[in-house]
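Student: The structure under discussion is supplied below as structure tokens; questions concerning it will follow.
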Amino acid sequence: LGLQRLVDALTGRPGLVDAARFPAAARPARLFNVSLALEALARHGVRLEAAAPGPGATPRPGVHPAAPMLVDGDRAPTLDLLWRAFLRLDLPRRVRGQALQTEIDRLAAGRGDGTGGGGQGGDHAARLAGVVLPPAVEADAGPAAGLLRLVLCWAAAATGCVQGAAGNIAATYGDGRLLCLLVREYLGEAVLPRSEIYEVPPALLASTGAEDPQQQAWALSCREDAAARQYRAGVQSNFDRVALAMEALGGSGALLSGEDVVEHGADDRSVLLALCGMCSRLLEASREERGAMTIQRLWRRRAAAPRQGPGAARAHLHAWIAAASRVQAAYRRHVFLSGLEAARRDRAARLEAATRLQALWRGRAARLALHATRAAAVTLQALWHGRQARRQVLEEKLLPRLLAGVAVRRAELAEARTARRQELAAAAMQTAWRASHGRRAFLKARRAAPVLQAHVRGWLERARLARRRSAAILIQAAARGWAVRRHEQTKARAAQIIQAHWRQHRLQARDAENYRRLREAAVLLQRRWRAVKAARLAAAHAAATRIQRMWRGSVGRRAFLAWRGAAEMLQRHWRGHHARRRLATEKGAALAVQAAWRGWRARRERARLHAAALAVQRVWRGHAARRQLRLDAAAIFVQRHARGFLARRAHHRRRGAAVTIQRAFRAHLEAARAASVAAMKAQMEALARAMQDYSRRAAAARRLQAGWRGCLERRHLAAVAAQEAAERARRAAREAAARATIAPWASVFLARIRFLKLRRAVVLAQRAWRSEYARRCAASIVIQAQARAWLGVRALRRRRAAALRLQAAWRGGRVRQTHPQKRRLAEARGRLRVATEAAHLLTPSQRTTLASRTATALSSLAAVPFPEVACGAWETLARCTAASNACAQTCYDAALPIVMAVLRSGTKAGSNVQPEAIRHAVMCLAHMGRNRSCLDAMLATDEVLLLLAALLQRNRDKEELFLALVSTIRAFLPTPAHALNASRRPAFVATVEGVGRMLALKAQNHMATLNKLERAKGSDVSARQATKALVTANRQLLALNRVLSLLGLPAAGAGPQSANHPQDPMHGPPAGSPGVLQRLGKNTIVRGVLQALNH
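The sequence shown lines up with residues 20 to 1114 when you count with the numbering used here.
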């Protein structure tokens, strides 16, 4: 993830982290994230070569070849990748070659005291030309080698120490002295004094006995004497001072620390990284200071320059005017380009808006077409169903009678078509007449004068409005008449059909009246007797149940301990006696058998022990190898955390030391700043006094100069005034001659211009009127079409609704008359009517509300010692919580512990909890979960989900309870966030997956049984049981797979069909899926059960 954020920052194109896998705790997720980062770097030209794979290694699809090296923490490829990313993406942004070359030239000129190519400046330039990169760095850098060489030249020019030859960069900057000199060069003596920079004594380096500077530094870092400790402290002090200065400038922190240099030694790449970072920050800080110094130098030069003679003010004014003109031109160009860019953006935005509008319009058109197609399909289906029913009735009973009706209907349809044609012809004639009249009116208006157009337009509008109103009235009258006639015709035909069916029904009812009367009398007697007997039995059963429940509870609680003690004692004595008798019998039998077979058994035992020893050795070796692998993994894990802890502790220590040094350094800076402010204040006071003296002298000089310039200007103005008077006289003579020549043609020219303007106005007015007239005609046509369409749709909907009501009434009556249990349904409807009337007659105080029922059920549960047996109270709570959220909240506040206790009792072995009580308790829990606050509170712990999963596992053979539990779990996962939270609970996920595997295996076994029954004739009872069990397992498996899909887990019983797993229920489609069930059906028993279950 850190590498992806680094790639986003370097490329300037965020979004890579959004595609990452988080949390990246597993190795596949880390490989995926690192592969994404490497592919993004490769698209920007940064490529990392992977190591050659081993002989048995196979590349993984979707994983970059170099990703495993970075994930495993390989230091060399990681540093190589970072170095290449810096050269390709970060270095061109940090270092600008032209600005850096200018700075190097400035430093070289300063070193040579402005002498150019001679003296020390020439020697320094020659020495800078000898700065080269190490061969390894230059080979890796590629196109960026020029920028790195410029950075080394800048560092050498700023410090005056040119020692960065090939292979000597790390040794040159390894003690941090030259880095401190760079900071001192740009930030001044006040920030980093020369006395505080540590310089390694030459005698200390010579005492190591090595010639290579890098070997000398290694030798000093390994020694433990006082001089070596002083060397390490001085080097670390230099690097800490550089880091503080960079942090004060706002940099990204220290890229090279003294602790790393002392412990591991300096590296060419790390030194170049540090120099590039310092270059970008120091040049940016010094640019502002140099600009201020340049302005001050120019101001002092201007103040010290002598005053110029007459005419200097005018030249200065012209210079300012020219500068203002250039600034205005630049500003106008900027405004023009900004406007052009804004116009481009506006055009792009309009194009995008037009595209979106077009997409919305096309989608709306497609939806309208779909709705029209669907409505047409529904209409066609209704027409087809009606046609089938009518055809059946016509073919069986009413064909002779309906032939005459068909003829009448055809005549009516012909008459309706004739009327429709007449209406269309009238509309066409009206349209033609209106068009003709409009053209005549338009020509008349065009010939009329512009003064009369307003009156004609008003009259035409009033006449057109009257005609439209009359035409609309005629159209509405015709449409309403047609709709009423069609409605009356439909009602007449429906009445005829209903009467015919009613007569047929009465004939059939009259034929079966005698038999039905006898059967109804017998059924009535039986029903009355059964009702009386059932009422007596129910009352007796209820009384007995209450007495038994109370008696069994009291007796059971009193006798439970005595029963258990007696049972344990009897079991103990019986088991002891039985064990002793069985032991004696087995001992005698063993002695008899051992006498004959002892030798053979000894040889067999030896062979078995030998094989067992081989198996134990094989298992032990595998166990030892796996344990060693786990120990290695644990060691790696401990080492990683230990290294992280040590690194964090060192970082905290360094940070504390840095804070202490910063505090002291800031105090020192404040003191130095106070002293400099005092000195600056004294200098400013002296400068103010000098400026006052200078102002007095300058004011006197300006007064003298103003008097002299005024005299000169007055002389010049007198001469200019004389010239202007002569020029005005000449111009007046020319204008008088021109007026005398132009005067005869002026009136004609003005009249012609006025005529042309009036003619253009008339043409524009006529064009506007024509467009307005065409728009109004088009609008009237559209309005008429929409009105006709709306009237037609409304009439069609009314006719369809009336036909549906008639069909529904007729079908309902026919079903009620022909239903085999019509009397029982009629009695049920009568009881509902009586109960409804009785409920309406009750007073508000006598009516039972959901709140009162909920309170009564909760009181019953609290009063019963064993709530799991109170099925009636649980059923009442389930219904009340399903109907009201307030009841669900009340149940959550008062009965949640009872619900959880009942669910826990249902998970115990040997529990006497009834399944109905568990089902109603689960429904109550699901209804409580509708409230989001209650749901979040229940999901705060794992208990609710674990109880539901345990109940799933225990009740997988009870279909209704199992499906209720699955529905409750789905209700507890309403959003993806809840599903993600549940998927992170391993115990719950493992239990649900285990239930899925067991159901898949169960379905596979039932499928095998059915396949066996298909091949050979078996028991009909077995076929029915196996088919019902298979369908039940399929329903449970489908419901559970929906929960697994919400959790982001693979479906149970799903996967690619493999030849290696022919009997594995976890491969291939579920055994009870519809595709598999369709292949069954050879056995008539199975086919009949499947058809019954489907219906």
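C-beta atoms are modelled at their ideal positions from N, C-alpha and C, and glycine is treated no differently. Bear in mind the structure is a predicted one, so any value in this text is a computation, not a measurement.
1) So is A804 buried or exposed if we call it buried at 16+ other beta carbons inside 10 Å?
2) Can the beta-carbon of A1058 be found less than 9 Å from the beta-carbon of F1007?
3) Is Y217 helix, strand or coil when you go by DSSP?
4) What do you reckon, are the CB atoms on V114 and L50 nearer than 9 Å?
5) By Cβ distance, which residues of its chain are closer than 8 Å to Q1097, with the 5 residues on each side in sequence left out?
6) Please confirm if the region 1013-1033 is in contact with the region 986-998, defined as three or more CB-CB distances below 8 Å between the two stretches.
7) Candidates E624, A341, R1043, V219: which alpha carbon is nearest Y250's?
8) Among residues of its own chain, excluding the 5 on either side of D37, which ones have a beta-carbon nearer than 8 Å to its beta-carbon?
9) Do the region 487-495 and the region 830-837 make contact, defined as three or more Cβ pairs closer than 8 Å?
10) Can you grab the Cα-Cα spacing for the pair A808 / R938, in whole Å?
11) Mind checking T16: buried by the 16 CB within 10 Å criterion, or exposed?
12) What is the DSSP secondary structure of Q235, reduced to helix, strand or coil?
13) Please report the distance separating the alpha-carbon of A683 from that of L1065.
14) With a threshold of 7 Å on Cβ separation, who are the neighbours of V932 within its own chain once the five nearest residues in sequence on each side are excluded?
15) Three or more C-beta pairs closer than 8 Å, one from the region 813-827 and one from the region 502-522: is that the case here?
16) In chain order, what residues of the same chain have a beta carbon less than 7 Å from the beta carbon of R24, not counting five sequence neighbours either side?
17) Can you name, in chain order, every residue of its own chain whose Cβ lies under 8 Å from the Cβ of L55, other than the five neighbours on each side?
18) To the nearest angstrom, how far is the alpha carbon of A519 from that of L443?
19) Would you mind giving the Cβ-Cβ distance between V261 and C199, rounded to the nearest angstrom? I have them listed as a contact below 8 Å.
20) Do the region 211-227 and the region 148-160 meet, that is, are 3 or more Cβ pairs less than 8 Å apart?
21) Does DSSP classify N1053 as helix, strand or coil?
22) Under the three-state reduction of DSSP, which class applies to V657: helix, strand or coil?
23) Skipping 5 residues on each side, what residues in its chain have a beta carbon closer than 7 Å to that of V290?
24) Whose C-beta lies closer than 6 Å to the C-beta of V1011 among residues of the same chain, with five residues either side of it excluded?
25) Decide if G31 is buried, meaning its Cβ has at least 16 other Cβ atoms within 10 Å, or exposed.
26) Does the ligand MG have even one heavy atom less than 8 Å from the beta-carbon of A264?
27) Between S1092 and the rest of its own chain, which residues show a CB-CB distance below 6 Å, the 5 nearest in sequence each way excluded?
28) In three-state DSSP terms, what is R1098?
29) Near D1083, which residues of its chain fall below 6 Å by C-beta distance, leaving aside the five closest residues on each side in sequence?
30) In whole angstroms, what is the alpha-carbon distance linking A540 and R898?
31) Quick check on S276: does DSSP put it in helix, strand or coil?
32) Does DSSP classify K927 as helix, strand or coil?
33) Relative to the C-alpha of V150, which candidate in A176, L126, G129, R125 has its C-alpha closest?
34) Per DSSP, what kind of secondary structure is V503 in: helix, strand or coil?
Tutor: Put simply:
1) In the sequence shown, the residue the question calls residue 804 occupies position 785. The residue in question, A804, is exposed, as its Cβ has fewer than 16 Cβ neighbours within 10 Å.
2) Here the question's residue 1058 lines up with position 1039 in the sequence shown. Here the question's residue 1007 lines up with position 988 in the sequence shown. Against a cut-off of 9 Å, the Cβ pair of F1007 and A1058 comes out as no contact.
3) Taking the sequence shown and counting its residues from 1, one reaches residue 217 at position 198. For Y217, the three-state secondary structure derived from DSSP is coil.
4) One-based indexing of the sequence shown puts residue 114 at position 95. One-based indexing of the sequence shown puts residue 50 at position 31. Between V114 and L50, the C-beta gap is not smaller than 9 Å, which leaves the two residues out of contact.
5) The residue given as residue 1097 occupies position 1078 in the sequence shown. In this prediction, Q1097 has a pLDDT of 47, which is less than 50 and means its spatial position is unreliable; nothing more can be read from the coordinates.
6) The region 1013-1033 is not in contact with the region 986-998.
7) Locating residue 250 in the sequence shown gives position 231, counting from the first residue. It is V219.
8) In the sequence shown, the residue the question calls residue 37 occupies position 18. Here the set comprises nothing.
9) Contact fails: fewer than three Cβ-Cβ distances are below 8 Å.
10) The count along the sequence shown starts at 1 and reaches residue 808 at position 789. The count along the sequence shown starts at 1 and reaches residue 938 at position 919. Their backbone Cα atoms lie some 55 Å apart in a straight line.
11) Any answer about residue 16 is impossible in this case: the structure gives the chain only from 20 up to 1114.
12) Position 216 of the sequence shown holds residue 235. Here Q235 carries a helix assignment [DSSP, helix/strand/coil].
13) Against the sequence shown, residue 683 aligns to sequence position 664. Against the sequence shown, residue 1065 aligns to sequence position 1046. Here the C-alpha atom of A683 lies approximately 60 Å from the C-alpha atom of L1065.
14) For the purposes of this step, residue 932 is taken as the residue at position 913 of the sequence shown. Take V932, set aside five residues on each side of it, and the residues of its chain with a beta-carbon closer than 7 Å to its own are E887, V921, S924, G925, in chain order.
15) The region 813-827, when compared against the region 502-522, does touch it at the 8 Å Cβ threshold.
16) If you number the sequence shown from 1, residue 24 lands on position 5. If we look at R24 and ignore the five residues flanking it on each side, its Cβ neighbours are V36.
17) For the purposes of this step, residue 55 is identified with residue 36 of the sequence shown, where counting begins at 1. In chain order, Q23, L35, A38, A39 place their CB closer than 8 Å to the CB of L55, counting only its own chain and leaving out the 5 sequence neighbours on each side.
18) Along the sequence shown, one-based indexing puts residue 519 at 500. Along the sequence shown, one-based indexing puts residue 443 at 424. Going from the Cα of A519 to the Cα of L443 covers about 38 Å.
19) In the sequence shown, the residue the question calls residue 261 occupies position 242. In the sequence shown, the residue the question calls residue 199 occupies position 180. Rounded, the Cβ-Cβ distance is 6 Å, consistent with contact.
20) Taking 8 Å as the limit for Cβ pairs, the verdict is that the region 148-160 does not touch the region 211-227.
21) Locating residue 1053 in the sequence shown gives position 1034, where the first residue counts as 1. Here DSSP, grouped into helix, strand and coil, assigns N1053 to helix.
22) Mapped onto the sequence shown, residue 657 falls at position 638. Of the three classes helix, strand and coil, the one that applies to V657 here is helix, per DSSP.
23) The residue labelled residue 290 in the question sits at position 271 within the sequence shown. Cβ within range, chain order: I188, A189, Y192, L275.
24) Within the sequence shown, the letter at position 992 stands for residue 1011. If you ignore the 5 residues before and after V1011, its C-beta comes within less than 6 Å of the C-beta of A968, all in its own chain and listed in chain order.
25) Reading the sequence shown from its first residue, position 12 is the one you call residue 31. Exposed.
26) Ligands are entirely absent from the displayed structure, and the ligand MG is therefore not among its contents.
27) The residue given as residue 1092 occupies position 1073 in the sequence shown. Bear in mind that a pLDDT of 48 at S1092, under 50, signals an unreliable position, so the number given afterwards is only what the model happens to contain. Correct list: empty, nothing qualifies.
28) Here residue 1098 corresponds to residue number 1079 of the sequence shown, with the count starting at 1. In this prediction, R1098 scores a pLDDT of 49, lower than 50, which makes its location untrustworthy; the coordinate-derived value is nonetheless stated afterwards. DSSP places R1098 in the coil class of the three-state scheme, outside both helix and strand.
29) The residue given as residue 1083 occupies position 1064 in the sequence shown. In this predicted model, D1083 has a pLDDT of only 40, less than 50, meaning its place in the structure is not dependable; the value taken from the coordinates is given anyway. Within the same chain, and ignoring the five residues on either side of D1083 in sequence, no residue has its Cβ closer than 6 Å to its Cβ.
30) Taking the first residue of the sequence shown as 1, we reach residue 540 at position 521. Taking the first residue of the sequence shown as 1, we reach residue 898 at position 879. Looking at the backbone, the Cα of A540 and that of R898 are separated by about 39 Å.
31) In the sequence shown, counting from the first residue as 1, residue 276 sits at position 257. It is coil, neither helix nor strand.
32) As a working note, residue 927 is residue 908 in the sequence shown. Look at K927 here: in three-state DSSP terms it is coil, with no helix or strand label.
33) Start at 1 with the first residue of the sequence shown, and residue 150 comes out as number 131. It is A176.
34) Here the question's residue 503 lines up with position 484 in the sequence shown. Helix at V503.
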